[in-house]
Amino acid sequence: MTLTFGGIREGRIKWRRELPPVIAVAGLAADYLSPAALWTILLPLGAVVLLLTMRKWAIAATVLLLSSWMLIPLAAGTVSAIEESRGERNIWLIDDGTIPNLDEAVAAADSAVPGAIGLTVLPIGPGHLINPRWAMRDAVDTFVDLHNAMLIDRCERATALSAR
958 MTLTFGGIRE GRIKWRRELP PVIAVAGLAA DYLSPAALWT ILLPLGAVVL LLTMRKWAIA
1018 ATVLLLSSWM LIPLAAGTVS AIEESRGERN IWLIDDGTIP NLDEAVAAAD SAVPGAIGLT
1078 VLPIGPGHLI NPRWAMRDAV DTFVDLHNAM LIDRCERATA LSAR
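Residue numbers (our numbering): 958 to 1121.
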């Protein structure tokens, strides 16, 4: 039985090979589990710098692209661009959550062409298709807030251009 899983001590751990994935996961976990504040950009960037010093370019680029400072704005911008190309304007709401930009969204809807902005309640929360908790819930809330802010900016630009 003792020989089934190999020898008791086969050798030392090769940290040069084992450490980069640990740093990558730790950097992303620290990024997504930290509160939404400006100083938290240092957490994934610290992991990226460590990976760059170890000459792990691909893992460093992956951590940078998957960090909340890149992934969430990129995803919200992509969804907004797709909606813009389809001519859709929908404010997203989460069923049990509160969105701080809701007052701005209603004001933007009133200032835009009547009926041009719809409200879409996302199937997220208890009793729905997706029920994220803790850090994932914060990421979804940030994504929805950013999407709604981009929609409000588009509506304000369209209103300003039509007023000229």
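Glycine residues also receive a C-beta, built at the ideal position from the N, C-alpha and C atoms.
Leu1022 counts as exposed, since fewer than 16 other beta carbons sit within 10 angstroms of its beta carbon.
For Ser1024 against His1104, the beta-carbon gap comes to about 19 Å, at or over 8 Å, which does not count as contact.
Per DSSP, Leu1079 is one residue of the beta strand (DSSP E) stretching across Gly1075 to Leu1079. Here the C-alpha atom of Val1005 lies approximately 11 Å from the C-alpha atom of Val982. Across the set Val1101, Gly1084 and Cys1112, the C-alpha of Cys1112 shows the shortest separation from the C-alpha of Gly1044. Taking a C-beta distance under 8 Å as the contact criterion, Ile1051 and Val1101 qualify as a contact pair. Distances from the CA of Thr1035 to each of Trp1091, Thr997 and Leu1108 were compared; the closest alpha carbon is that of Leu1108. Gly1084 and Ala1096 have their C-alpha atoms spaced approximately 19 Å apart. Judged by their CB atoms, Leu1031 and Val1020 are not nearer to each other than the 8 Å cut-off. Contact check for Ile1016 and Pro977: beta-carbon distance about 5 Å, within the 8 Å limit, so the pair qualifies. For Trp1049, the enclosing beta strand (DSSP E) has its first and last residue at Asn1047 to Ile1051. Under a 10 Å Cβ-count criterion, Pro992 is classified as exposed, with fewer than 16 other Cβ atoms of the shown protein chains found around its own Cβ.
Sorting Gly1075, Ala1115, Ile1081 and Arg974 by C-alpha distance to the C-alpha of Met1011 places Arg974 at the top.
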